[in-house]
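**Student:** Please read through the structure below; I'll follow up with questions.
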Amino acid sequence: MKVLNLVKNDDPEAPSSARLELVEKDIPEPGPGQVLIRMEAASCNPSDLYYMRGEYGVPPDYGFAAGLEGAGIVVKAGRGLIGWRLRGKRVACVRTRGGDGVWAEYFLTDAKSCLPINKAIPAEQAATFLVNPITALGLLERARALGSSGVIQNAAASQVGRMVIRLAKTMTMPVISVVRREEQKELLLGIGAAHVLVTSAPSYEEELRNLAKELKIQVLLDAVAGTETARTLMCMPNRSTAIVYGVLSRQADDPYGGSYPAGNMIFAGARVEGYWLVTDMARLGALGILKRSRKLQKMFAAGELKTAIQSRSSLEDYPAAIDHYAQNMSAGKAILVFDDG
Ligand SMILES: NC(=O)c1ccc[n+]([C@@H]2O[C@H](COP(=O)([O-])OP(=O)(O)OC[C@H]3O[C@@H](n4cnc5c(N)ncnc54)[C@H](OP(=O)(O)O)[C@@H]3O)[C@@H](O)[C@H]2O)c1
């Protein structure tokens, strides 16, 4: 099988394509409890870009296929009932540590980590199902559990951000979406966002303060971090919480990835907490994940929720497509597609 292996490159400026190598490997055999998936499509997320640079929460497995999430058909199963029942089905799958990822023609994984996908959902959408949609709903559920009427979210033109806008409507939660460029504001208004603010506008902080107070919003969904966490919390009502789930602002001169508003935390009860899908899924357990996935798959199948896609490429062309995605993330995901059969 053909595989896009992760290779070590110590140049911090090197593009993602310089960290990948197309190689041939033997197709693995599933052991007990495992399944072999013939990959149909895979996607690239910001976490893949960080992982390839060695800047993600887990150390990179060099010499193994990269790629965090994708979808395909289960073509073989080792001993065990779960895998046996998945044979012939389309599943969404994610890479686990210490083995090949999903940027490969075949992917070996534990049967119990696969999520069966409704036939009405195309493979390329299924390939984006496990990470962002489950996260977007998880963030909103956490905001609700914290007692906030709605959310402020930054980097709102991201796929997570667009899903938050759609999902929050079904939960009647108001959303203030924050973006860094004017054209992103137009994009979000076009998909039905009610409130969109641009960080570079001179009146940004005043507008945010007034709107957050009026809508009684006490949760920030923060994918940017850096100085944005403190800046936004300072504009929010007392006892607000920032849920930090990304560090898109990552800069060489910011070794910790963020800052917090110390005075506001002491005197106004502001709080900062983290969110990681892996921890959330472990907390949810299989039944909780299925419950969340049922709602999301219904919306995907009906076309009410979907991932925007900027390109479709073969394994050979995928490294260049990833480099393009890294420079144009709001344009949608770069999808790796495989020949069928
Ligand atoms: N914690 C978790 O478990 C978890 C799970 C899923 C996703 N995430 C995180 O969620 C975030 C969004 O992921 P995604 O796949 O939805 O992203 P995406 O669709 O690839 O889009 C990324 C977005 O971030 C914007 N952006 C990049 N750098 C920025 C900065 N410094 N300031 C403001 N905006 C910036 C981009 O805008 P431009 O076009 O202007 O660059 C783009 O709109 C990422 O940080 C990802 O790591 C976390």
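In this text, residue positions in the sequence shown follow this note's numbering: the first is 1048, and each later residue adds one. Even glycine gets a Cβ: it sits at the ideal position worked out from N, Cα and C.
1) Leaving out five residues on either side along the sequence, give the residues of the same chain with a beta carbon under 8 Å from the beta carbon of G1388.
2) Spatial neighbours of N1311 within its chain, please: C-beta separation below 8 Å, excluding the five flanking residues on both sides.
3) Is K1345 near C1091, with beta carbons less than 9 Å apart?
4) Hey, could you find the ends of the alpha helix (DSSP H) T1182 is sitting in?
5) What's the C-alpha gap between N1285 and L1258?
6) Would you say the beta carbon of T1182 is closer than 8 Å to some non-hydrogen atom of ligand 1?
7) With DSSP as the reference, please indicate the residues paired to E1351 in a beta bridge.
8) Let's see if you can read the secondary structure: which residues bound the beta strand (DSSP E) around Y990?
9) Determine the closest residue to F1154 out of Q1081, V1207, V1070, with distance taken between C-alpha atoms.
10) Could you check which residue in A1139, M1220, W1131 has the C-alpha nearest to that of P1079?
11) Output needed for E1102: all residues of its chain with C-beta closer than 6 Å, excluding positions within five of it in sequence on either side, in chain order.
12) Which of the three DSSP states, helix, strand or coil, is assigned to G1388?
13) Using a threshold of 8 Å, is the CB atom of Q1172 nearer than that to any non-hydrogen atom of ligand 1?
14) Residues around ligand 1, please: the ones whose beta-carbon is closer than 6 Å to some heavy atom of it, in chain order.
15) Please check if any C-beta of chain C sits within less than 9 Å of the C-beta of A1368.
16) Just to confirm, are M1048 and E1071 a CB contact at a threshold of 9 Å?
17) For the putative contact between I1212 and I1238, defined by C-beta atoms under 8 Å, what is the C-beta separation to the nearest angstrom?
18) Rounded C-beta distance between G1117 and R1085? I'm assuming under 8 Å.
19) Out of E1230, K1260, A1151, point me to the one whose CA is closest to T1246's CA.
20) Provide the residue span of the beta strand (DSSP E) that contains K1136, from first to last.
21) Quick check for students: name the residue ranges of the alpha helix (DSSP H) that lie wholly in the region 1083 to 1110, counting only runs of 4 or more.
22) How do the region 1049 to 1057 and the region 1109 to 1116 stand: do at least 3 beta-carbon pairs fall below 8 Å, yes or no?
23) Let me know the alpha helix (DSSP H) ranges lying completely inside the region 1295 to 1355, each 4 residues or longer, listed in chain order.
24) Within the continuous beta strand (DSSP E) that includes E1068, where are the two ends?
25) Between the C-alpha atoms of G1135 and A1289, what's the straight-line distance to the nearest angstrom?
26) Could you tell me whether the Cβ atoms of K1393 and S1196 are closer together than 9 Å?
**Tutor:** On the basis of the data shown:
1) Caution is warranted here: a pLDDT of 47 is assigned to G1388, below 50, making its placement in the model unreliable, and the coordinate value is therefore given only provisionally. So no residue of the chain qualifies.
2) A1277, L1280, M1281, A1317
3) no
4) 1179 to 1192
5) 14 Å
6) yes
7) According to DSSP, E1351 bridges with nothing at all.
8) Residue 990 cannot be examined here, being either before or after the span of the chain that is shown, 1048 to 1388.
9) Q1081
10) W1131
11) none
12) No answer about G1388 holds up, because its pLDDT of 47 lies below 50 and its placement is not dependable.
13) no
14) N1092, P1093, S1094, V1178, N1179, T1182, A1202, A1204, S1205, Q1206, V1207, R1227, R1228, A1270, V1271, Y1292, G1293, L1295, S1296, Y1322, W1323, L1324, M1376, S1377
15) Chain labels in this structure do not include chain C; a single protein chain is all it has.
16) yes
17) 7 Å
18) Actually they do not touch by this definition, with Cβ atoms about 11 Å apart.
19) E1230
20) From DSSP, K1136 is part of no beta strand (DSSP E); its letter is neither H nor E.
21) 1093 to 1099
22) yes
23) 1309 to 1315, 1324 to 1348
24) 1067 to 1071
25) 43 Å
26) A question about residue 1393 goes unanswered here, because the residues of the chain that appear run from 1048 up to 1388.
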